[in-house]
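J.:
Numbering (the working numbering), first residue to last: 4 to 176.
1) Let me make sure I understand the geometry here. Which of 34, 145, 13, 44 has the alpha-carbon closest to that of residue 56?
2) Report the three-state DSSP secondary structure of residue 42 (helix, strand or coil).
3) Starting from residue 127, trace the alpha helix (DSSP H) in both directions and tell me its first and last residue.
4) Where does residue 48 sit, in a helix, a strand or coil, going by DSSP?
5) Using a Cβ-Cβ cut-off of 6 Å (strictly less than) and excluding sequence neighbours within five positions of residue 77, which residues of its own chain qualify?
6) Assuming residue 139 contacts residue 41 (C-beta within less than 8 Å), just tell me the rounded distance between them.
7) Under the assumption that residue 63 contacts residue 118 (Cβ atoms under 8 Å), give the Cβ distance between them as a whole number of angstroms.
8) Check whether the Cβ atoms of residue 37 and residue 126 lie closer than 8 Å to each other.
9) Using C-beta distances below 7 Å, list every residue in its chain close to residue 27, excluding the 5 sequence neighbours before and after it, in chain order.
10) Starting from the C-beta of residue 88, find all residues in its chain whose C-beta is less than 6 Å away, skip the five residues before and the five after it, and write them out in chain order.
11) The alpha helix (DSSP H) spanning residue 142 covers which residue range?
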């Protein structure tokens, strides 16, 4: 409909066929989708006519985060104005059908900004990140030669978050 459309999501696993098919439908409708999936992912991104608007990355490191963060633009250009959710469940059949899990909307603007920053850093990580290819293999992402040495692209998500936290603590002392 010409409105801003995007889906950003961070989870551990993705294997629910119903959700995967809806993501394929959204991709074919022009929705840009970036998924950060730490573990296994049954979706195939970048397949012409199926999922060409979908990117899937995975970051590996000593700090394995288990957060599930979901963002839907819902017609809004500014990510902070879109819909944000955190949840206990990955997009897996057993989690969505056979367990009691919880998902809640985030309405606090500061919390939305923090979640957005976490996703931005995850999506820009090229130090410890891998990209899922259309054939199901993973290719290591590499930082560009012009990457800011203090950026997540060069440092990696975990180091960048730690650096931002330290700077925030110092700024409030």
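Built from N, CA and C at the ideal position, the CB exists for glycine as well.
T.: In short, the structure shows the following:
1) Looking at the Cα atoms, 34 is the closest of the given residues.
2) Looking at residue 42 - three-state DSSP - the assignment turns out to be coil, as it is neither helix nor strand.
3) Per DSSP, residue 127 is one residue of the alpha helix (DSSP H) stretching across 112-127.
4) Correct three-state label for residue 48: coil.
5) Within the same chain, and ignoring the five residues on either side of residue 77 in sequence, the residues whose Cβ sits closer than 6 Å to its Cβ are 85, 86.
6) With a Cβ gap of about 16 Å, residue 139 and residue 41 do not count as contacting.
7) Going by Cβ atoms, the distance from residue 63 to residue 118 rounds to 21 Å, so no, they are not a contact pair.
8) Result yes, Cβ atoms of residue 37 and residue 126 sit closer than 8 Å.
9) Within the same chain, Cβ atoms closer than 7 Å to the Cβ of residue 27 are found at 53, 54, the five residues on either side in sequence being excluded.
10) The answer, listed in chain order, is 73, 106, 108.
11) Element bounds for residue 142: not the alpha helix (DSSP H) but the beta strand (DSSP E), 141-143.
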